[in-house]
Amino acid sequence: MKVFLKLALALALVFSFTHADAADMLNGAGASFPYPVYSAWSYDYNKVTGVQLNYQSIGSGGGIKQISARTVAFGASDAPLAPAQLKKDSLLQFPAVIGGVVPVVNVPGVKAGELKLDSDALCRIYLGDIKYWDDGRIKSLNAGLRLPHSEMTVVHRSDGSGTTAIFTTYLSEVCPVWKSKVGAGTSVNWPAGIGGKGNEGVANYTKRTAGSIGYVEFAYAEQNKLAYALLKNSAGNFVKPSFETFEDAAATGNFDPGKDFHLWLVNAPGKKAWPIAGATFILLAKEKTDSNKKVVKFFDWAFNHGDKKAKDLVYVPLPSSLKNKIRAYWKTHGIL
Amino acid sequence: MARTAKKNPVDRFFSVMTAAAAFSVIVLIAGILYVLVSESSLAIGRFGVWRFLSSTDWDPVRQSFGALTNIYGTVLTTVLSLAIAIPLAVGIAIFVTEISPNFLKGPIGAAIELLAAIPSIIYGMWGLFTLSPIMSTYIEPFLKKIFSGVPLIGILFQGTPMGIDILTASVILSIMIIPFTASISRDSFNLTPAVVKESAYAIGATRWEVVKNVVIPYSKLGVFGGVVLSLGRALGETMAVAFVLGNNHRITTSLFDAAATITVTLANEFAEADSDVYLSSLFYLALVLFVLSFITLAVAKFFLLKAERKYSR
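Taken in sequence, the protein lines are chains A and B.
Note that the first sequence covers residues 1 to 336 in our numbering.
Note that the second sequence covers residues 337 to 649 in our numbering.
Below is the structure:
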């Protein structure tokens, strides 16, 4: 009996400690794409304020479900929720950080940044219409580049992901055939190509297969020095994926607080804007003012002090004009 | 039961606890079944049973879902992996029990059991980074060269070998299930009475004849049990194949084509399933796998029982 008593006492002690901690603990769940930057921010924030932010990367779908069921303080989603759905589940939404998608290629004799593509070519490639690298539709964009007559292997994601959602939203926006035949979503019914699991899967197949083209997250392409292609943006300029072009996309994209910032950041009008970008979003439960204030305090701190850390991890921080719009949005909802 | 109850409180406590432990499994299974059915009710209502099972559609954008491509991939990879694994596993077991010198038995046995202890995600990463390039550069082109001209079989070896396909997935699966079949077969071979074997040798039987006519008939039930266990494992294996199967929702005829199994679809798409119907269809898919596993294991058990009865007569 003595043993049981001791055990019970120990258990009670453990639970009382976790209970005391819970006051300074914020739980969030959702998209896996921003997980590294949220946890880096939370680590620094904890050192400054003592507040612990616990973020579980369970996927955007799970994040939306959990915040709708009110089991977490905030949810995170790579895809913006439409105002109608936010209203239905009584949620608030704002962007936290920018990412994007980069086409990567493996064509013998073509180095990083040498190949130029436009929206039509990219769309035709992923539709399976363009079968060889020396197709006229690619050649006409790349005068002076020697393209081999080799078969093209198209690589896409096999798992559902926000990266695919951004990429297919872009293709749907710029290419009517894609929109009617395939559409946009976290996973789609691909008309051509092979599937790799995760960014690493796509990168691996692209690296291994001569004559292949794939798409990966900007951060992944940057960190692994993959051979990216230049893209023609809506202003008609060929741009390369970099902080500068992503920032321009974010600054010129029309994030509207009236629509809870609902926006797919594709084909932004800026002169230097990278055309396939996207924000990742935070979701809050409207009625939970107290915990929302704590979450907002964290993101306000991150907007003020977290840009460098985000860039170290190859995330694109929000431009200050957008940050101010978000702060105004917080104020109107009484949580800042 | 009544007698133990009279005995003493400790005995009674003991039997209640064991009964509780046993029944908890049934409660757990019933609970899982309940959750699967209730979560998939939306998809069941939308697609029905037959339409879901027979449709090759899998289009999250248009929210039209069917299970046939997944069932096809699951059955195909399972059958193929068993076809690769069973001969190897039985061969291993025969060598270890009948042929190998004593000092080799320990190391080989330990190696087999270690194979079973490797987490499946490791097999998945190994498959993606190591096996898949080997398959696509050496083994698959070789197979294609030999078989592509052969009528009927040639269909299985068409297309460009990419290494992310049914064949690679089946090879990985077979490596994963070899330990089960091999160690259970070994244990059942060991149960063959030495007297019977020695008698066979005494009347001049060769090793091959002893294995074929004495050991295997004596222990085929045990081997069959091992195969059934592996079958269950192969049906449900997820991470190891998720990396090398490509999650391609099409019915394909070539072993060099990507495919999707039920578990691969779940692992790939569950986290980012963003609409209710989509999520519900994934649960529905899990329910299909649950029923499929149940039927396969039940049929296997049925034959096992039948054989046992015949054998004991």
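Built from N, CA and C at the ideal position, the CB exists for glycine as well.
If you're wondering where the values come from, they're calculated on a predicted model, not measured in any experiment.
What separation, rounded to the nearest whole angstrom, lies between the Cα atoms of B:A603 and B:W544?
Here residue 603 of chain B corresponds to residue number 267 of the second sequence, with the count starting at 1. Here residue 544 of chain B corresponds to residue number 208 of the second sequence, with the count starting at 1. Distance between the alpha carbons of B:A603 and B:W544: 45 angstroms.
Given a cut-off of 9 angstroms, decide if A:Y315 and A:P36 are closer than it, judged by their beta-carbon atoms.
Within the first sequence, the letter at position 36 stands for residue 36 of chain A. Within the first sequence, the letter at position 315 stands for residue 315 of chain A. Yes. Within cutoff.
Mind checking B:G540: buried by the 16 CB within 10 Å criterion, or exposed?
Numbered from its first residue, the second sequence carries residue 540 of chain B at position 204. Exposed, by the Cβ-count rule.
Can you tell me whether A:E287 is helix, strand or coil according to DSSP?
Here residue 287 of chain A is taken as the residue at index 287 of the first sequence, counted from 1. Looking at A:E287 - three-state DSSP - the assignment turns out to be coil, as it is neither helix nor strand.
Quickly, what does DSSP pair B:T601 with across the bridge? List them, please.
What you label residue 601 of chain B is simply residue 265 of the second sequence in a count that begins at 1. For B:T601, which the question treats as bridged, DSSP gives no partner whatsoever.
Report the neighbours of A:R208 on chain E: residues whose CB is nearer than 7 angstroms to its CB, in chain order.
Looking at the structure shown, chain E is missing, and the protein chains on hand are A and B.
Should the region 180-198 of chain A be called in touch with the region 151-168 of chain A, which here means at least 3 C-beta pairs below 8 angstroms?
Because the criterion of three Cβ pairs below 8 angstroms is met, the region 180-198 of chain A and the region 151-168 of chain A touch.
Inspect the beta-carbon positions of A:W274 and A:L313 and report whether they are closer than 9 angstroms.
In the first sequence, the residue the question calls residue 274 of chain A occupies position 274. In the first sequence, the residue the question calls residue 313 of chain A occupies position 313. In this structure, A:L313 does not lie closer than 9 angstroms to A:W274 by Cβ.
Of all the residues that make up the region 19-46 of chain A, which are near chain B by a beta-carbon distance shorter than 8 angstroms?
Within the region 19-46 of chain A, those residues whose Cβ lies closer than 8 angstroms to any Cβ of chain B are, in chain order, S32.
With a cut-off of 9 angstroms, does the C-beta of A:A82 fall near any C-beta of chain B?
Here residue 82 of chain A is taken as the residue at index 82 of the first sequence, counted from 1. By this cut-off, A:A82 is not an interface position.
Can you give me the start and stop residues for the beta strand (DSSP E) that B:V346 sits inside?
As a position in the second sequence, residue 346 of chain B is number 10, starting the count at 1. Run containing B:V346: none in the beta strand (DSSP E); it sits in the alpha helix (DSSP H), P345 to F383.
Restricting to Cα atoms, I'd like to know which of A:S172, A:L147 and A:P95 is closest to A:V266.
Stepping through the first sequence from its first residue, residue 266 of chain A is reached at position 266. The candidate whose alpha carbon is nearest that of A:V266 is A:S172.
Identify which residue in A:G100, A:V97, A:T164 and A:V182 has its Cα closest to the Cα of B:D393.
Position 57 of the second sequence, counted from the first residue, corresponds to residue 393 of chain B. Answer by Cα proximity: A:V182.
What in chain B is Cβ-close to A:A184, meaning under 9 angstroms?
For the purposes of this step, residue 184 of chain A is taken as the residue at position 184 of the first sequence. Ordered by position in chain B, the residues that pass the 9 angstroms Cβ test against A:A184 are V397.
For the region 236-249 of chain A against the region 89-109 of chain A, are there 3 or more C-beta pairs whose distance is under 8 angstroms?
Under the Cβ criterion (8 angstroms, minimum of three pairs), the region 236-249 of chain A counts as touching the region 89-109 of chain A.
Where does A:L184 sit, in a helix, a strand or coil, going by DSSP?
The residue given as residue 184 of chain A occupies position 184 in the first sequence. The question names Leu, but residue 184 of chain A is Ala in the sequence shown. In the three-state reduction of the DSSP assignment, A:A184 falls in the coil class.
Taking the alpha carbon of B:Q399 as the reference point, which residue from A:N304, A:S140, A:A184 and A:F94 has its own alpha carbon closest?
Reading the second sequence from its first residue, position 63 is the one you call residue 399 of chain B. In terms of Cα proximity to B:Q399, the closest of A:N304, A:S140, A:A184 and A:F94 is A:A184.
Along the alpha helix (DSSP H) that carries A:G195, what are the first and last residues, could you check?
Taking the first sequence and counting its residues from 1, one reaches residue 195 of chain A at position 195. Per DSSP, A:G195 belongs to no alpha helix (DSSP H); it is in the beta strand (DSSP E), I194 to G196.
Just to confirm the assignment, what range does the alpha helix (DSSP H) spanning B:G562 have?
One-based indexing of the second sequence puts residue 562 of chain B at position 226. Taken as a continuous stretch (DSSP letters only), the alpha helix (DSSP H) holding B:G562 covers I552 to G572.
Check distances from the C-beta atoms of the region 482-498 of chain B to those of chain A and list, in chain order, the residues that come in under 9 angstroms.
Shown in chain order are the members of the region 482-498 of chain B whose Cβ falls below 9 angstroms from a Cβ of chain A: T496 and M498.
For B:F349, would you say it is in contact with chain A, using Cβ-to-Cβ distances shorter than 9 angstroms as the test?
By 1-based counting over the second sequence, the position of residue 349 of chain B is 13. With respect to chain A, the C-beta atom of B:F349 has no partner C-beta closer than 9 angstroms.
How should A:F17 be labelled, buried or exposed, when 16 other C-beta atoms within 10 angstroms of its C-beta is the threshold for buried?
Your numbering for residue 17 of chain A matches position 17 in the first sequence. Low per-residue confidence applies at A:F17: pLDDT is 47, beneath 50, and the placement is therefore not dependable, though the value from the model is reported in the following sentence. Classification of A:F17: exposed, given that the 10 Å Cβ count is below 16.
DSSP state of B:I539, grouped into three classes?
Against the second sequence, residue 539 of chain B aligns to sequence position 203. DSSP places B:I539 in coil when its eight states are reduced to three.
Mapping the DSSP letters down to three states, classify A:G334 as helix, strand or coil.
Translated into the one-based positions of the first sequence, residue 334 of chain A becomes position 334. Coil, per DSSP.
Which ranges would you report for the alpha helix (DSSP H) in the region 138-164 of chain A if only whole runs of at least 4 residues count?
Segments of the alpha helix (DSSP H) lying fully in the region 138-164 of chain A: there are none.
At a CB-CB cut-off below 8 angstroms, which residues of chain B make contact with A:V188?
The sequence position of residue 188 of chain A within the first sequence is 188, counting from 1. Among the residues of chain B, those whose CB is under 8 angstroms from the CB of A:V188 are D395, P396 and V397, following chain order.
Check whether the region 195-202 of chain A and the region 212-227 of chain A touch, using three or more Cβ-Cβ pairs below 8 angstroms as the test.
Judged by Cβ distances under 8 angstroms, the region 195-202 of chain A makes contact with the region 212-227 of chain A, as three or more pairs qualify.
Span separating the alpha-carbon of B:G568 from that of A:L53
Position 232 of the second sequence holds residue 568 of chain B. Position 53 of the first sequence holds residue 53 of chain A. When rounded, the distance between both Cα atoms is 41 angstroms.
Taking Cβ-Cβ distances shorter than 7 angstroms, what residues in chain B pair up with A:G160?
In the first sequence, the residue the question calls residue 160 of chain A occupies position 160. Going along chain B in sequence order, the residues near A:G160 (Cβ under 7 angstroms) are N604, E605, A607, E608 and A609.
Along the region 513-533 of chain B, what residues have a CB closer than 8 angstroms to any CB found in chain A?
Shown here is that no member of the region 513-533 of chain B has a Cβ falling below 8 angstroms from a Cβ of chain A.
Let me know the secondary structure DSSP gives B:M461 once reduced to three states.
Locating residue 461 of chain B in the second sequence gives position 125, where the first residue counts as 1. Assigned with DSSP and collapsed to three states, B:M461 falls in helix.
Residue burial classification, A:F246 (beta-carbon count within 10 angstroms, cutoff 16):
Stepping through the first sequence from its first residue, residue 246 of chain A is reached at position 246. By the 16-neighbour rule on beta-carbons within 10 angstroms, A:F246 is buried.
Same chain only: Cβ atoms within 6 angstroms of A:P95, ignoring 5 sequence neighbours per side:
Here residue 95 of chain A is taken as the residue at index 95 of the first sequence, counted from 1. Taking C-beta separations shorter than 6 angstroms and ignoring five residues to either side along the sequence, the partners of A:P95 in its chain run F261, A279 and F281, following chain order.
Where A:I98 falls: helix, strand or coil (DSSP)
Counting from one through the first sequence, the residue named residue 98 of chain A turns up at place 98. Under the three-state reduction of DSSP output, A:I98 falls in the strand class.
Closer than 8 angstroms by beta-carbon distance: list the chain B residues that pair up with A:A79, in chain order.
Counting from one through the first sequence, the residue named residue 79 of chain A turns up at place 79. Within 8 angstroms Cβ-Cβ: D610.
Is the Cβ of A:A165 closer than 9 angstroms to any Cβ of chain B?
For the purposes of this step, residue 165 of chain A is taken as the residue at position 165 of the first sequence. Chain B contact via Cβ: present.
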